[in-house]
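Novice: My questions all concern the structure below.
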Amino acid sequence: MKSLYSLLILFFLFYTLNAQIINIPDANFKAALIDLGVDTNDDGEIQISEAETQNSGLNVSGYFISSLSGIEYFINIHYLDCSDNQITELNLSSLANMTDLYCNDNLLTELTLNLTALTWLQCYNNQLSILNISNVPNLQYLNCGNNLLTSLDFTSFTDQDSFWLIDLSNNNLTTLDVSNLQSIDDLIVDNNELTSINLCPITWEILSVGNNYLTEIDISNSPNLEGIFCANNLLTSLDISNNNMLINLYASNNEFTSLNLGNAESLAWDGDVFFDGNPNLSVVCTTENNFEWVQDKLTEYNYTDCTISSYCSFDPNGEYFVVQGQTLLDLDNNGCDVSDVFSSHQKFNISSNDFFDTFYADSEGEFELYISAGLHTVTPSFENPDYFTVSPSGISVDFPSDSSPFVQDFCITPNGTFNDLEITIIPLEAARPGFDTNYKIVYKNKGTTTLSGDINFGFQDEVMEFMSSIPANESGLPDLLSYSFTDLLPFESREITLTMNLNAPTDVNPLNGGDVLTFITSIDAAADETPDDNTFELHQTVVNSFDPNDKTCLEGYTITPEMVGDYVHYMIRFENTGTADAINIVVKDHIDRTKYDLSSLVATDASHDFVARIKDDASDYYVEFIFENINLPFDDANNDGYVVFKIRTLDTLVLNDTFENEAEIYFDFNFPIITNLEQTTVATLSTEDFELANNAIKLYPNPTSEILQLESKQALKQITVYDISGRNIQDIAVIGNTTEITISTQDFSAGTYFVNIKTESSELVKTFIKD
């Protein structure tokens with residue numbers, strides 16, 4: 037009986053010992069485990085207990101293993117490297133503590149994970165066509181390149197999940213969506229069949245998508261991206277304007293028509309940039325400081341039809357913050373509200389310790405200021421600051437501490453009674469002999485009171501015929517048009533449009549190219565604060581042909597020394613001569629700070645709504661008039677536009693000094709059109725010469741206090757003096773062949789007057805001012 041019990045005990049012990057031995061059919065795997073010292077009892081077998089004592093990791097790479105059957109008993113390992121073997125299937129779902137898996141360089145066609153602790157998966161160089169990562173929620177590193185994957189689903193991850201690396205290069209992916217992830221340091225998906233990719237909000241360092249079929253890619257949410265590799269795709273455009281940390285751009289062999297480099301500071305100094313093999317590239321967008329090296333690239337690539345533009349977007353590049361609001365004039369003294377008047381094109385000064393900028397709001401007083409990080413002061417500015425009080429007088433913003441957009445409206449209230457009108461004549465078209473020409477009178481209330489009054493417009497009726505005007509002319513005089521206005525509100529502008537038919541070269545009083553036409557307009561108001569701008573003279577040169585994109589000084593080619601330090605007016609015209617609507621137009625005018633006071637610039641009229649900004653620093657000085665989304669047509673009846681501004685000359689100009697400049701006109705992404713160089717000279721013209729139909733008339737001194745001398749090359753016949761309201765003040769009948777006459781103005785009231793002058797063969801109207 038005892039021997040029977042002993043036999044049973046021996047049998048039980050033998051069975052138990054054999055039951056603890058793990059069946060490892062792959063001899064190479066078993067040999068690897070023994071080499072690693074897993075067989076602690078040196079019995080040539082691996083028991084379960086021995087497997088469970090392994091709590092760090094196993095490295096069985098390079099052992100020619102075909103199967104890891106038995107690995108399921110190593111339940112406590114955190115790390116497994118089985119790379120560089122011949123494994124075809126791998127099921128690791130029982131290894132709940134696994135955090136790092138290296139199974140690359142095998143023959144895997146199936147990989148089962150279900151590893152909730154896994155953070156690192158390296159499975160490249162296999163034959164996987166399917167990979168399920170929905171059960172590895174803590175994964176942060178995935179390198180599964182060089183497989184047969186056609187898709188990979190990341191939807192089980194959330195916007196709280198981030199990856200150090202996702203490398204799926206050299207697969208068969210057609211689409212990829214990682215948009216629900218929070219961020220990816222490096223995303224590498226080269227050499228697939230991708231036609232679309234949906235990125236996560238942030239890609240920190242590397243985005244590599246080369247050798248695919250992508251037609252678009254959005255990286256605007258990745259400001260810290262250091263490298264983008266997108267060569268050999270079908271991209272038609274690429275915008276890296278928000279990627280200021282970029283130091284590598286490989287974008288060769290796409291189908292680009294546009295490339296937006298932004299300020300590209302890092303690329304310019306430290307980076308590698310390649311965008312050759314894009315023969316359809318028509319525009320590279322970047323800031324002006326990059327124009328030189330970008331042009332070198334265009335030359336290197338032989339891109340002869342590609343332009344460089346800084347006006348692809350009107351938002352600044354990189355990180356910026358916004359201050360926005362509206363400026364209104366409180367006329368009823370009850371606080372600003374929607375019933376009050378807009379402060380059209382309100383001027384704002386933006387300053388910090390090392391920065392100064394100027395911005396002009398739109399026609400409804402709305403503004404959106406783009407500001408960099410730091411402390412800045414924003415202050416409304418006025419042509420006549422004594423007229424108004426503004427609340428608040430200014431604001432300080434400190435970004436990013438303050439929220440963006442920072443919303444602040446400004447309310448302007450009158451600071452007393454100030455009557456102040458101004459008037460301007462604008463030639464809407466070139467003056468061509470024999471053609472109708474349109475003009476516009478623009479008058480504005482710059483003061484604080486509602487005003488009514490009269491406007492007169494004088495012209496040379498012997499060389500032109502008045503055709504029509506809106507509103508209708510109220511005068512019965514042949515060479516003087518009159519209009520009345522009522523209740524012109526502060527900040528309000530109105531206009532009068534006129535059409536004149538100019539004489540042809542074959543008329544009795546012919547007009548020819550080079551003749552100068554003179555138009556005079558005036559507006560009256562009681563006790564005007566600035567009477568100098570109540571009268572305006574336009575001197576327009578007759579042309580036979582013209583460039584539709586030009587710049588004109590409305591005062592003409594000369595100003596008198598007395599006008600130095602006062603405003604001169606410029607008109608810049610533009611015309612869309614292309615074959616499609618021009619969406620955005622920018623007029624850029626460089627200002628010579630040695631001749632002009634840039635801070636005095638005021639936009640007075642334009643064909644379309646605009647905003648403007650002034651760059652005023654040591655490197656360059658210019659104003660930009662930005663016509664955004666105006667969609668200027670290309671048909672000849674509607675393809676014209678213009679902007680008019682006034683600016684003071686410096687009072688240091690002296691006799692025979694000249695001041696000149698030219699403008700650049702940007703139509704969307706095209707090369708800029710450079711206007712003519714408009715030059716004006718300070719000349720002694722208190723005696724004014726006007727050549728017209730071989731008849732010269734001089735009127736001097738002007739202004740005058742007691743007498744006005746008039747001289748003509750032809751005999752004078754009739755002189756009539758009118759006040760600004762069109763009332764006949766004095767008639768002078770000239771007897772004989774007198775060519776000179778003296779008019780006493782001693783008893784005239786101070787103000788503006790018109791003189792209608794008739795000679796033997798001509799008639800014209802001149803204006804003078806009585807001090």
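As numbered in my numbering, residues 37 to 807 make up the sequence shown, in order.
Quick reminder that beta carbons are idealized off the backbone N, C-alpha and C, glycines included.
Based on DSSP bridge pairs, tell me the residues matched to residue 701.
Specialist: 623, 709
Novice: What are the boundary residues of the beta strand (DSSP E) that residue 360 is part of?
Specialist: 357 to 365
Novice: Give a yes or no on whether the C-beta atoms belonging to residue 204 and residue 180 are separated by under 9 Å.
Specialist: yes
Novice: Alpha carbon to alpha carbon, how far is residue 491 from residue 794? Give it in angstroms, no decimals.
Specialist: As the crow flies, the alpha-carbon of residue 794 is around 23 Å from that of residue 491.
Novice: Could you have a look at residue 13 and say whether DSSP puts it in helix, strand or coil?
Specialist: Nothing about residue 13 can be read from this structure; the chain reaches only from 37 to 807.
Novice: Report the three-state DSSP secondary structure of residue 804 (helix, strand or coil).
Specialist: strand
Novice: My output table needs one value for residue 281: the three-state DSSP class, helix, strand or coil.
Specialist: coil
Novice: Name the one or two DSSP bridge partners that residue 745 has.
Specialist: 736, 778
Novice: Report buried or exposed for residue 802, applying the criterion of at least 16 other Cβ atoms within 10 angstroms of its Cβ.
Specialist: Label assigned to residue 802: buried.
Novice: Between the C-alpha atoms of residue 545 and residue 465, what's the straight-line distance to the nearest angstrom?
Specialist: Distance between the alpha carbons of residue 545 and residue 465 is about 21 Å.
Novice: Within 10 Å of its beta-carbon, does residue 434 have 16 or more other beta-carbons around it, so buried, or fewer, so exposed?
Specialist: exposed
Novice: For the alpha helix (DSSP H) that contains residue 71, what are its first and last residues?
Specialist: 63 to 71
Novice: Should residue 806 go down as buried or exposed, given a rule of 16 or more other Cβ atoms within 10 Å for buried?
Specialist: buried
Novice: Give the secondary structure of residue 404 by DSSP, where H, G and I count as helix, E and B as strand, and everything else as coil.
Specialist: strand
Novice: How big is the Cα-Cα spacing for residue 576 and residue 488?
Specialist: The straight-line gap from Cα to Cα measures roughly 29 Å.
Novice: Taking only three categories from DSSP, how would you classify residue 676?
Specialist: strand
Novice: What residues are listed by DSSP as bridge partners for residue 696?
Specialist: 715
Novice: Excluding the five sequence neighbours on either side, which residues of its own chain have a C-beta within less than 7 Å of the C-beta of residue 713, listed in chain order?
Specialist: 696, 698
Novice: Along the chain, where does the alpha helix (DSSP H) containing residue 87 start, and where does it finish?
Specialist: Per DSSP, residue 87 belongs to the alpha helix (DSSP H) from 84 to 88.
Novice: Could you pull out every residue in the same chain whose Cβ sits closer than 8 Å to the Cβ of residue 520, ignoring the five residues on either side in sequence?
Specialist: 488, 489, 490, 491, 510
Novice: First and last residue of the beta strand (DSSP E) that includes residue 233?
Specialist: First-last of the beta strand (DSSP E) with residue 233: 232 to 234.
Novice: Do residue 663 and residue 642 count as a contact pair if the criterion is CB distance below 9 Å?
Specialist: yes
Novice: Using DSSP's beta-bridge definition, name the partner residues of residue 611.
Specialist: 676
Novice: Flag this pair as touching only if the segment 772 to 792 and the segment 737 to 755 have three or more C-beta atom pairs under 8 Å; answer yes or no.
Specialist: Under the three-pair Cβ rule at 8 Å, the segment 772 to 792 counts as touching the segment 737 to 755.
Novice: Does the contact criterion of 3 or more C-beta pairs under 8 Å hold for the segment 354 to 372 versus the segment 329 to 341?
Specialist: Too few Cβ pairs lie closer than 8 Å, so no.
Novice: What does the alpha-carbon distance come out to for the pair residue 401 and residue 369?
Specialist: 19 Å
Novice: Can you list, in chain order, the residues of its chain whose CB lies under 6 Å from that of residue 106, leaving out five sequence neighbours each side?
Specialist: 58, 60
Novice: So what does DSSP say about residue 791, is it helix, strand or coil?
Specialist: If DSSP states are grouped into helix, strand and coil, residue 791 belongs with the strands.
Novice: When burial is assigned at 16 or more other CB atoms within 10 Å of the CB, is residue 4 buried or exposed?
Specialist: Only positions 37 to 807 of the chain appear in the structure, and residue 4 is not among them; the question remains open.
Novice: Under the three-state reduction of DSSP, which class applies to residue 463: helix, strand or coil?
Specialist: strand
Novice: Rounded to the nearest angstrom, how far is the Cβ of residue 109 from that of residue 136, given a contact under 8 Å?
Specialist: Not a contact, Cβ separation roughly 19 Å.
Novice: In its own chain, which residues sit with a C-beta less than 6 Å from the C-beta of residue 241, not counting the 5 before and 5 after it?
Specialist: Shown here for residue 241: same chain residues with a beta carbon closer than 6 Å to its own, the five before and five after excluded, namely 221, 222, 262 in chain order.
Novice: For my contact list, residue 290 and residue 271 are in at a C-beta cut-off of 8 Å; report their separation, rounded to the angstrom.
Specialist: 4 Å
Novice: What does DSSP give as the partner residue(s) for residue 758 in the beta ladder?
Specialist: 764, 790
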